[in-house]
């Protein structure tokens, strides 16, 4: 009883409770730099002193300094994921890589000259990077209402948004398959096509650019 | 009054002139208070300039020439990207300035800043 009384007294004199965990980070928190190479770069360039006393977000559980970690791949896994089933998404991604590797190795052995062989890229991660780079749009259209009419106005997009669009289109194209083919099979083809700057996703990007060009008369409707 | 009428007759070429109205018969009614308001409109500040329009049109021309192959118009894309980044930074600065977080001195104030000052320090009008 005495103890309880003491506790009550204590709580009376401590009206504010220190909240440690927010549901969301405050905007002044910076993203963690979890790769050894990036950290070294920061130290060498001297920029580390700028962020030395800034609060840093905790690293996510898939952020790792492993040599196998790749930012684009981990983003792609997240775009493939449905209903939070990340293990499945990761499996699909690795299976896609395996298929790409198999296709490329087959091509490697079939090619007759050394020149052809040297041109082939066997690293599936590199192929993914190339595919995404080739699918990135420069512009997009946004609907803007002027005088009761909606105009499709072409606007330049940010780098981040263009990466997102490229990944989303690749995943969307890979999902459009018939019943007998699985996602990794289709995705491997889509990625290989896109890395050669051909295929449906690259065409989709070009179509968007054509739409922007057709609507270039409305470009000045954009408000800043 | 009499003189005015006859003079007007002279001016109008010997036609009968209308008599001027009696000011006392039409008293002035002040519907709104006869002083300036404590705010300014924001019309002047809203300059309707679209950023990187020039770069956009150059890019469109280049793309049409090269049949939408981006590899052949890299230079134009880079120019647009640069202009877009500058515009984004400018937009952020403008927003900060208008929000009142940045205190600016001098004669050139935005309508928002001016309104804020007018609200805090209203104009003192000498009344009779």
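Protein chains in written order, with the UniProt record's numbering: chain U, 1 to 224; chain R, 1 to 128.
A virtual CB, placed ideally from N, CA and C, is assigned to each residue, including glycine.
Simplified DSSP assignment, three categories, for residue i
i	result
residue 150 of chain U	strand
residue 171 of chain U	helix
residue 81 of chain U	coil
residue 211 of chain U	helix
residue 64 of chain U	coil
residue 216 of chain U	helix
residue 141 of chain U	strand
residue 247 of chain U	Given that chain U is displayed from residue 1 to residue 224, the structure contains no residue 247 of chain U and the question cannot be resolved.
residue 224 of chain U	Residue placement at residue 224 of chain U cannot be trusted, given a pLDDT of 49 that sits under 50; the coordinates are not used to answer.
residue 86 of chain R	helix
residue 127 of chain U	helix
residue 33 of chain R	coil
residue 58 of chain R	helix
residue 51 of chain U	helix
residue 155 of chain U	strand
residue 103 of chain U	helix
residue 30 of chain U	strand
residue 56 of chain U	strand
residue 19 of chain R	coil
residue 178 of chain U	coil
residue 77 of chain R	helix
residue 112 of chain U	coil
residue 45 of chain U	helix
Residue i versus residue j: straight-line alpha-carbon distance, rounded
i	j	result
residue 110 of chain R	residue 23 of chain R	43 Å
residue 166 of chain U	residue 34 of chain U	25 Å
residue 36 of chain U	residue 60 of chain U	16 Å
residue 208 of chain U	residue 201 of chain U	11 Å
residue 145 of chain U	residue 177 of chain U	37 Å
residue 224 of chain U	residue 51 of chain R	For residue 224 of chain U, the pLDDT reaches just 49, beneath the cut-off of 50, and the residue's location in the model is therefore unreliable, although a value from the coordinates is still provided. If you take the alpha carbons of residue 224 of chain U and residue 51 of chain R, they lie about 7 Å apart.
residue 71 of chain R	residue 185 of chain U	28 Å
residue 98 of chain U	residue 124 of chain U	8 Å
residue 83 of chain R	residue 113 of chain R	28 Å
residue 107 of chain U	residue 163 of chain U	29 Å
residue 121 of chain R	residue 35 of chain R	16 Å
residue 109 of chain U	residue 61 of chain R	44 Å
residue 89 of chain U	residue 138 of chain U	28 Å
residue 93 of chain R	residue 99 of chain R	10 Å
residue 50 of chain U	residue 203 of chain U	44 Å
residue 77 of chain U	residue 159 of chain U	19 Å
residue 76 of chain R	residue 123 of chain R	52 Å
residue 90 of chain R	residue 105 of chain R	19 Å
residue 108 of chain R	residue 38 of chain R	18 Å
residue 83 of chain U	residue 182 of chain U	18 Å
residue 127 of chain U	residue 147 of chain U	47 Å
residue 28 of chain R	residue 16 of chain R	28 Å
residue 117 of chain U	residue 105 of chain U	10 Å
residue 4 of chain R	residue 125 of chain R	38 Å
residue 196 of chain U	residue 97 of chain R	47 Å
residue 217 of chain U	residue 211 of chain U	11 Å
residue 66 of chain R	residue 73 of chain R	8 Å
Partners in chain U for residue i, counting only beta-carbon separations shorter than 8 Å
i	result
residue 64 of chain R	213
residue 80 of chain R	138, 156
Neighbour list for residue i in chain U, Cβ cutoff strictly below 7 Å
i	result
residue 77 of chain R	138
residue 68 of chain R	206, 209, 210
residue 53 of chain R	219, 220
Residue j beta carbon less than 8 Å from that of residue i
i	j	result
residue 56 of chain U	residue 27 of chain U	no
residue 225 of chain U	residue 151 of chain U	Lying outside 1 to 224, the shown extent of chain U, residue 225 of chain U is not represented and no answer is given.
residue 56 of chain R	residue 214 of chain U	no
residue 135 of chain U	residue 188 of chain U	no
residue 170 of chain U	residue 192 of chain U	no
residue 156 of chain U	residue 141 of chain U	no
Closer than 8 Å at the beta carbon, the chain R residues around residue i
i	result
residue 216 of chain U	56, 57, 60
Select from the segment 134-148 of chain U all residues with a C-beta closer than 7 Å to any C-beta belonging to chain R, and list them in chain order. Within the segment 134-148 of chain U, the residues whose Cβ lies closer than 7 Å to any Cβ of chain R are, in chain order, 138.
Q.
Please identify, using Cβ separations under 8 Å, the residues of the segment 105-122 of chain R that lie next to chain U, in order along the chain.
A. none
Proximal residues, the segment 153-173 of chain U versus chain R, C-beta separation under 9 Å: 154, 155, 156, 157, 158, 159
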